[in-house]
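If you read the sequence shown in this note's numbering, its first letter stands for residue -9, the second for the next number, and so on. From the three backbone atoms N, C-alpha and C, an ideal C-beta is built for every residue, glycine too.
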Amino acid sequence: MKDESGRAKVVHVSLVERLNRHAFVILAVLLLLVVPLALSDFRLSLMAKYLCFAFPAAGIVLTWGYGGILSLGQGMFFGLGSYMMAMFLKLEATQADSSAQALAQFFGSNLPDFMVWNSVEELPWWWEPFHHFWFTLPAIILLPALVAFVLAYANFRKRVGGVYFTIVTLALASIMAIVIVGQQGVTGGINGITNFKTFLGMDLFDDGMRTKLYVVTVLLLLAAILFGRFIVSSRLGKLLVAIRDREDRVRFSGYDPALFKAFIFAVAAVFASIGGALFTLQIGLASPSLVGIVPSIEMVILAAVGGRLSLIGAVYGAVLVGAAKTLFSENFV
């Protein structure tokens, strides 16, 4: 009897693994082959926008679905990635744009236009490194990871979890949006940062650029899903589920739950930051409207629609909700 039940479990696990592999292949084929051929350039750009929000949704699947950590502040990390990419693009545009150079000569400073209009006389020191892409790219990954890990570990170490941690993340996302709006001279304020021209010398308005950015977005998203599935199927994933279900038992077994929860929260923050950076590249805007409470809650909804235990479902959830919002705005607004 025991042998039969054990054999049934093995068959069930292998079947689930095959279904997961097939689902991933189907998703890759749809996004890389079917969608670019079926959609116009405008619709393809919209699809890329939807997929940018699949990054934080996939991160929420890891933290909420597997780790039992509900964060309502992922917009904060999405905004970090978005603004860091915007800073690089804006500085590159300032150097390359003749009108920006003329404006700089007139005012006697080589600053982004919104800083000149706000009477900022010198580029802030924390903007300076974003002249270089070799700094910007690691910063998009490492800074959100560091912030998320320190924030999560400090709270989980003190046994601050559940709804209390959710409130903390919600408050921090709200504070970040308020700070961005208040520091208009160096962040662009309520209008955000926009008017980008090039990315690493490539014209962002070139006919083929949108398709290239879409492909890059899809490839990075697929890589993120594979990384997430690796975590879920590893011993770490099993520990996360155990922590979610019986944290005290895991602690009594000699593990530090705070460390594992902080790690997976940092991974989710990196996912969100990458999505934010790609969003700025795709849409040409970094705005405080992407940082606060509303977008953070929307990201949780995307994960919930796709299923909070499904990384691939997070992609479908992001596309379904995004397409529904577009359809509603085009027909009823």
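Below 9 Å between beta carbons: does that hold for residue i and residue j?
i	j	result
Arg200	Ala18	no
Leu62	Ile215	no
Gly282	Ala129	no
Gln64	Ala161	no
Phe104	Gln174	yes
Leu210	Phe123	no
Pro285	Ile180	no
Val205	Pro26	yes
Val305	Ala48	yes
Thr270	Leu79	yes
Gly307	Ala294	yes
Gly266	Ala276	yes
Glu82	Lys187	yes
Gly296	Leu280	no
Gly182	Ala76	yes
Leu22	Val169	no
Asn185	Gly244	no
Got a sec, what are the start and stop residues for the alpha helix (DSSP H) residue i sits in?
i	result
Gly244	Run containing Gly244: none; DSSP gives neither H nor E here.
Asn100	From DSSP, Asn100 is part of no alpha helix (DSSP H); its letter is neither H nor E.
Thr159	Gly152 to Gly172
Ser300	Neither: Ser300 is in no alpha helix (DSSP H) and is coded neither H nor E.
Asp197	Element bounds for Asp197: n/a, residue is neither H nor E.
Phe125	Phe123 to Arg147
Leu27	Val25 to Ala28
Lys187	Counting along the chain, Lys187 falls outside any alpha helix (DSSP H), and DSSP gives it neither H nor E.
Leu41	Asp31 to Ile50
Please identify the residue among the options whose C-alpha is closest to the C-alpha of residue i.
i	options	result
Leu101	Gly266, Val176, Lys228 and Val153	Val176
Phe195	Leu23, Pro26, Ser35 and Arg11	Ser35
Leu52	Trp124, Trp115 and Leu226	Leu226
Met192	Leu203, Thr184, Ile183 and Gly182	Leu203
Ser30	Phe269, Asp197 and Leu271	Asp197
Met66	Glu320, Phe322, His121 and Met289	Met289
Val137	Gly303, Ser243 and Ser263	Ser263
Gly249	Trp116, Leu230, Phe125 and Phe186	The displayed chain sequence assigns Leu, not Gly, to residue 249. Leu249 has its Cα closest to that of Leu230, out of Trp116, Leu230, Phe125 and Phe186.
Thr159	Val169, Val171 and Leu141	Leu141
Asn108	Phe322, Ser243, Ile273 and Gly178	Gly178
Gly57	Phe146, Trp116, Gly274 and Ala213	Phe146
Leu20	Ser223, Arg219, Trp117 and Leu212	Leu212
Thr156	Lys228, Val110 and Ile50	Ile50
Thr316	Phe68, Arg11, Arg33 and Ile165	Arg33
Under 8 Å by Cβ, that's how I've got residue i and residue j pegged, so tell me the actual separation to the nearest angstrom.
i	j	result
Gly55	Leu299	4 Å
Pro247	Val240	5 Å
Ile59	Phe255	6 Å
Tyr143	Ala252	4 Å
Pro134	Val260	6 Å
Ile302	Ala13	5 Å
- prompt: If we count Cβ pairs, one from each stretch, closer than 8 Å, do we get three or more for the segment 235 to 247 versus the segment 34 to 49?
  reply: At 8 Å Cβ cutoff, the stretches do not touch.
message: Quick check: the segment 144 to 155 against the segment 72 to 83, are at least 3 beta-carbon pairs closer than 8 Å?
response: no
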